[in-house]
Every structure is written in structure tokens, then in C-alpha cells.
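A short worksheet on the structure shown next.
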Amino acid sequence: MFGHAVRMEDEALSMQRELAGSAGSLEGFLRLSCSDWFATTLLAPVLAEFAGLHPKVTVELLTDTRIYSLAQREADLVMMDAAFGGMPDVGWARRILPNATIVSRSNSREVQARLCALGAVLPRPLGDGTPGIALVDLGEQPPAPETWIGYHRDLRRLPRPRALLDVIIARIARD
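Using my numbering, the first residue of the sequence shown is number 1151, and each one after it goes up by one.
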């Protein structure tokens, strides 16, 4: 019976996504998931701008270390910071500072900011926004982290996520 119930739930969620994806108005809820540092440092100004442009859309921002399910409508959009995966800044730091050693790592950007204040490397957007941290010019910029945005294919026609993505892209182009 459990297998049947799981399939029924999957079908009900699929139907819900398809109905949501066919809605044509810019009003309602939009649930977004990302890391806390990304939300605080990069998305807060974007969401403020989005609210001014689309006041009938309520964005619910979930900041958590877990990844929310798009298929189960736990989130409509998921923003994933790929820097945690391959950590391109680590390779860059090793090349630029060959005598330095990596003594700690954390998936918490707040912990990383504190470590940076004590001498560690930190992503530029977070460092720029953290009082007491100064930029050290090492002769070249570290690699920019990649950020991936995921959404369920059933929601591709939904105007709310598209409108938010348009604001994010415009903001990145301005900055």
C-alpha cells in the first residue's frame, strides 16, 4: 500500500506543479531556498528591489543547510553555491600563496567571515560587507564562484520565478 500512496502523492504534486505553472499572474507566493550568507549578502537587496516591482508576490526565503525538494514543492527556486563543491578559491589560494597552509574549512560563511578576520580567505562579496575585514591585493582576483539556480520543469511557465530571475540577472549586470 505504501508504494501506491507514494505514487499518488507524486501524481498529486505533479498536478499541483502543472497548475501553478500555468498561472499567468504576478501575484501569490514564491518559495526560494539558498544558503544564509547568500541570502544576507547577495539576495536581500535583490528581494527588496523585487518587492518594489512586484508587490503582489510574497517571497518566502528559506535559508538552511539542507537542500529543499523542488519535486515536492518544498521550494520553487533553489540557489546553489557551487563554490562548496569544488572550492575553486582553494586552488587559487594555493597557487597564489604556495607557502600558506589550509588550517580550517567551514560550510558556514559566518564562520568563514570570523576566520577571515583572523587571517583566512573569504569570498569577496561577504568580505566587502563585513566590518573589520580589509581586502588584501594579491595581484589577481580569485575565481568567481558559480551559482546555479534550480526549478522544477513544471514551473517553467510560471511568471513569478521568471520575474525574480530577471531582477537577479539585471542586478548582476549592474554590479
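We treat Cβ as the ideally placed atom computed from N, Cα and C, and that holds for glycine. Nothing here was measured: the structure is a model prediction, and the numbers come from that model.
Check your understanding: In this structure, what does DSSP give as the bridge partners for Arg1310?
Key -> Translated into positions along the sequence shown, residue 1310 becomes position 160. DSSP, once it has assigned bridges, lists no residue as partnering Arg1310.
Review point. Arg1104: which of Asp1160, Phe1179, Arg1264 sits nearest, CA to CA?
Key: Here the chain covers residues 1151 to 1325 and nothing more, so residue 1104 does not appear.
Practice item. Measure how close the beta-carbons of Leu1203 and Leu1182 come, nearest whole angstrom, since I'm counting them as under 8 Å. Key: Taking the first residue of the sequence shown as position 1, residue 1203 is located at position 53. Taking the first residue of the sequence shown as position 1, residue 1182 is located at position 32. With 8 Å as the limit, Leu1203 and Leu1182 do not qualify as a contact, their Cβ atoms being about 16 Å apart.
**Study point:** Buried/exposed call for Val1207, threshold 16 Cβ in 10 Å
**Key:** Indexing the sequence shown from 1 puts residue 1207 at position 57. Counting the other CB atoms within 10 Å of its CB gives Val1207 a total of 16 or more, which places it among the buried residues.
Review point. In angstroms, rounded to a whole number, what distance separates the CA positions of Glu1177 and Arg1324?
Key: Numbered from 1 along the sequence shown, position 27 holds the residue referred to as residue 1177. Numbered from 1 along the sequence shown, position 174 holds the residue referred to as residue 1324. If I take the Cα positions, the gap works out to 26 Å.
Check your understanding: Can the beta-carbon of Ala1294 be found less than 7 Å from the beta-carbon of Leu1276?
Key -> Locating residue 1294 in the sequence shown gives position 144, where the first residue counts as 1. Locating residue 1276 in the sequence shown gives position 126, where the first residue counts as 1. Not a contact, by the Cβ cut-off of 7 Å.
Review point. DSSP three-state call for Ala1320: helix, strand or coil?
Key: Here residue 1320 corresponds to residue number 170 of the sequence shown, with the count starting at 1. Here Ala1320 sits in helix by DSSP.
Point to revise | Local Cβ density within 10 Å of Thr1215, reported as buried at 16 or more and exposed below that | key: Position 65 of the sequence shown, counted from the first residue, corresponds to residue 1215. The residue in question, Thr1215, is exposed, as its Cβ has fewer than 16 Cβ neighbours within 10 Å.
**Study point:** Boundaries (first-last residue) of the alpha helix (DSSP H) holding Val1196
**Key:** Reading the sequence shown from its first residue, position 46 is the one you call residue 1196. 1194-1203 is the span of the alpha helix (DSSP H), which, as asked, contains Val1196.
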